[in-house]
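Residue numbers (this note's numbering): 417 to 802. Backbone N, C-alpha and C define an ideal beta-carbon position, used for all residues, glycine too.
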Amino acid sequence: MQEPTSPAQQHRENLAGEMKAASRVTIIGMILDAVLGVIKVIGGTLFNSQALLVDGIHSFTDVASDLVVLGVMKVSRQEPDDDHPYGHQRIETFGTLVLGSILIAVGAALAWENTLRLIEGGVDTVPGWPVLVAAAASVVGKEWIFRYTRHVGLKIRSDLIIANAWHSRTDAFSSVVVLVSTAGAMLGMVWLDVFAAVVIAGIIIHIGWKFTWDSVKELVDTGLSQEDTEMLKSIARDTDGVRNVHELRSRRMGHDILLDIHLVVRPEISVSEGHQIGMQVVSGMRDALDNIRDINFHIDAENDEDQPLTSERLPSREDIRARMARHLGELPQYSRLRLHYLKNKVHLELFLDSPEGETVFSSSNIKEALGDYAWFGSVRVWVAGP
């Protein structure tokens, strides 16, 4: 009989599968980018199309980005270790930031160069018809690789692969611009070819800025949207046993979401019941958002947002038992003492195994013994029946 797969082993297998899928689609895209880049640069040079030449350079930036993706994916899909207990997904975010910065730099340089050419004038060369063929081939090839890459990126939940897919689609968009501008130039509007080169450069800058800004927001721990935050709070509030929710904090690591939440429960419940309530909240949140990786919940007996936090100077269980012993003697052997730390006071519940102990440890005697302490709140004594 086959041994069941442990969660750690399953996680390792998932990482390996994701890495394999990401590498395969990236290598296919890189080969396509290189072929199209060569065709467009040579075609643009030989057949007088500045737009196609710039589009070819754009394809070569795709090759460079594919190399970045391969390197980053290999590192970011490593297992968590002692130095990176949450994993290495932030390396993927950094890789997306680098990719976006490269696009902005390349786009800005191309936009500047072709804007100067457009201002200076003197553009009098008409692109040849092979430019149309090269642009059409690029549109078809890049749209296919976009759909394939995006499908893989969504499947393995990788923002970097999805970003690389949209980078491929910008190449398809720019090739459409080449088609239109070439047709216009062949009809007499020769300047349209250089203008199209500027437009393509602007597209490159726009996509690069989007990648860069999204990565920066993640690296500075930008939380979930207000809508998602309120949805998660509603799920917690609707969970049986939860009185209130506060301090829900979120952040992203790659495609994963990390949450911290404080849950207010009834103060008299047991620790294990409080933990079980928290686990019910976790289950409900994971059902709502399947990319939540880690939820840290804190169980509160009161809402400490509306009042001062429980003082760290309040006495411990051993301190209270010692003070009761000093005033009333040692507690009976089978008694149980339950403490509630609420509103900067300690409220006591004493459970006695037999009525004999009540003669000394009555509510009035305990209150008289401890009532002068600033931390004392109240006391209740429970006596077992005969």
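Per-residue DSSP class, three states only, for residue i
i	result
K436	helix
W791	coil
D703	helix
W607	coil
V797	strand
V661	strand
F767	strand
N760	coil
Q418	Here the model assigns Q418 a pLDDT of 48, short of 50, so the residue's position is not dependable, and the following value carries that caveat. Coil.
D710	strand
I458	helix
L675	strand
R585	helix
L753	strand
D482	helix
S779	helix
S465	coil
R668	strand
D716	strand
V681	coil
E746	coil
S686	coil
T477	helix
Through-space distance from residue j to residue i, alpha-carbon basis
i	j	result
S688	I715	11 Å
W629	V479	22 Å
I782	W791	14 Å
T645	R659	18 Å
G433	L674	23 Å
G511	L483	11 Å
A800	L766	11 Å
V681	R665	19 Å
I443	L635	27 Å
N760	H691	23 Å
S590	I520	15 Å
E734	L648	39 Å
P771	F777	10 Å
G487	A450	18 Å
L640	M669	12 Å
L469	I616	11 Å
L730	H756	11 Å
G600	S465	12 Å
R737	Y789	14 Å
V632	I447	30 Å
A437	T509	19 Å
E784	S732	20 Å
I507	M435	14 Å
W607	T461	16 Å
Close Cβ partners of residue i (< 8 Å) along its chain, the five nearest in sequence each way excluded
i	result
L595	L548, A551, A552, V555
L758	P683, A717, E718, T726, G793
S481	L515, I518, L519, N580, H583
G745	V776
V592	A551, V555
M417	Residue placement at M417 is flagged as unreliable, the pLDDT there being 43, under the threshold of 50; the coordinate-derived value follows with that caveat. Correct list: empty, nothing qualifies.
F476	D449, A450, G453, V457
Cutoff 6 Å; reference residue i; Cβ partners in own chain excluding five residues on either side
i	result
R533	V610
L786	F792
L463	Reading the sequence as shown, one finds Phe at residue 463 and not Leu. These residues qualify, in order along the chain: P543, G544, P546, V547.
S779	V795, V797
A467	V594, S597, D609, A612, A613
D676	R665, N712
A588	V555, K558, E559
E663	H678
Close-in-space but distant-in-sequence residues of the same chain around residue i (CB under 7 Å, 5 per side omitted)
i	result
P748	L768, D769, G773
S584	G445, D478, K558, I561, F562, T565
W582	I623
T586	I619, I620, I623
T531	V614
H763	H756, G793, S794
Contact test: residue i Cβ vs the ligand MN heavy atom, cutoff 7 Å
i	result
V698	This structure lacks the ligand MN; in fact it carries no ligand of any kind.
Inter-residue CB distance, residue i and residue j (contact presumed, cutoff 8 Å)
i	j	result
I651	M701	6 Å
L679	V697	6 Å
R667	V661	Rounded, the Cβ-Cβ distance is 18 Å, inconsistent with contact.
I693	T655	7 Å
A441	I473	Sequence check: residue 441 is Val here, not Ala. Their Cβ separation, rounded to whole angstroms, is 23 Å, which puts V441 and I473 out of contact at 8 Å.
- request: Report yes or no: do three or more beta-carbon pairs, one from the region 566-577 and one from the region 444-458, lie closer than 8 Å?
  value: Contact between the region 566-577 and the region 444-458 is absent, because fewer than three Cβ pairs lie under 8 Å.
- request: Determine, using beta-carbon pairs with one atom in the region 521-530 and one in the region 570-584, whether at least three such pairs fall under 8 Å.
  value: no
message: Closer than 8 Å is the cut-off here; do at least three beta carbon pairs connect the region 703-712 with the region 751-769?
response: no
field: Validate contact between the region 506-524 and the region 617-626 using beta carbons, cut 8 Å, 3 pairs
entry: yes
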